[in-house]
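J.:
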Amino acid sequence: MFIRNHRQKIRLTASPVQSLIVGIILLASSPITRAAETTEKIFIEADHMQMNIETGKSIYTGNVKISQGEMVLTGDRVTLEQKDEELERLLVIGKPARYNHLSEKGEPIEAESEHMVYTTSNHTLIMTINAHLKQPDNRLSSQKIIYDTEKHLVMAGGSGNPSGTQKNHRVNIVLTPKEAGSEK
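FYI, in my numbering the residues of the sequence shown are 23 to 206.
#1: Quick check on this structure: which residue in P199, S164, E201 has the alpha carbon closest to the alpha carbon of H191?
#2: From this set, I167, H123, M73, which residue's C-alpha is nearest P158's C-alpha?
#3: Expressed to the nearest angstrom, what Euclidean distance is found between the alpha-carbon atoms of V100 and E201?
#4: Three-state secondary structure (DSSP) at Q72?
#5: Please classify K166: is it buried, with 16 or more other beta-carbons within 10 angstroms of its beta-carbon, or exposed?
#6: Using alpha carbons as the reference points, say which of I151, A178, E172 lies closest to L162.
#7: Between D170 and the rest of its own chain, which residues show a CB-CB distance below 7 Å, the 5 nearest in sequence each way excluded?
#8: In the structure shown, what three-state DSSP assignment does P130 receive?
#9: When the Cα of K105 is compared with those of E136, T141, L197, which residue comes out closest?
#10: Got a sec, what are the start and stop residues for the beta strand (DSSP E) K79 sits in?
#11: Here's the rule: buried if 16 or more other CB atoms are within 10 angstroms of the residue's CB, otherwise exposed. What is H174?
#12: What are the boundary residues of the beta strand (DSSP E) that includes P118?
#13: May I ask you to report which of helix, strand or coil DSSP gives Q104?
#14: Measuring CA to CA, which of H137, N152, E108, D69 is closest to G116?
#15: From I168, Y82, V94, pick the residue whose C-alpha is nearest to that of K63; which is it?
#16: Taking the CB atoms as reference points, tell me whether P118 and N85 lie closer together than 8 Å.
#17: Ignore the nearest five residues each way along the sequence and tell me which others in V207's own chain have a CB closer than 6 Å to its CB.
Below, the structure written as structure tokens:
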């Protein structure tokens, strides 16, 4: 195990974290992956980093930024859990944790919540506590948003608080209809 106490950049090949990136890139309800992006290098920046090579767990803290091509993920703390050099789970904590990407049409897609967890075994991204998903004309907010990246299924609702002490909040959705003759 080693610890670095200064801001550092780490380059990773796409293979250990590829499932994470694909999962997060697929966050929007329409497919937005770009084949070239999954082969691009992944960059991680953080104020501090701690890695246990034996267990495959690494923790990045302080202004964490993960980027690959057009995709950017930021948070206060990111924990990556790997097994046999394959990503198993990713936890992002922030006030808020943020995800930004451009769709195939070049439109910005933004997501944020205080907690984001991506699990590769079930291809699920769970955003809890003040979760928001924004596309140029559409918005979704809830205390909990679950996205199955394999089935392209989005579910929202619930408190988003693991202790269950917070009241359930309603899901809020804003859909903007296409204007007659528009290309959107």
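For every residue, glycine included, the Cβ atom is placed at its ideal position computed from N, Cα and C. Computed from a predicted model, the values in this text were never measured in an experiment.
T.: Taking the coordinates as given:
#1: Closest by C-alpha distance to H191, out of P199, S164, E201, is S164.
#2: When I167, H123, M73 are compared, the shortest CA-CA separation from P158 is found for H123.
#3: Taking C-alpha positions only, V100 is separated from E201 by approximately 41 Å.
#4: Q72: strand per DSSP, three-state reduction.
#5: Its Cβ being crowded by 16 or more others within 10 Å, K166 is buried.
#6: Taking each of I151, A178, E172 in turn and checking the Cα distance to L162, the smallest one comes out for A178.
#7: For D170, where only same-chain residues beyond five positions count, the Cβ hits under 7 Å are H145, T146.
#8: P130 falls in the strand class under three-state DSSP.
#9: Nearest of E136, T141, L197 to K105, Cα basis: T141.
#10: Per DSSP, K79 belongs to the beta strand (DSSP E) from 79–90.
#11: By the 10 Å Cβ count, H174 comes out exposed.
#12: Start and end: 108–124.
#13: In the three-state scheme derived from DSSP, where H, G and I count as helix and E and B as strand, Q104 is classed as strand.
#14: For the residues H137, N152, E108, D69, the minimum Cα distance to G116 belongs to H137.
#15: Nearest C-alpha to K63 among I168, Y82, V94: V94.
#16: Not a contact, by the Cβ cut-off of 8 Å.
#17: Nothing about residue 207 can be read from this structure; the chain reaches only from 23 to 206.
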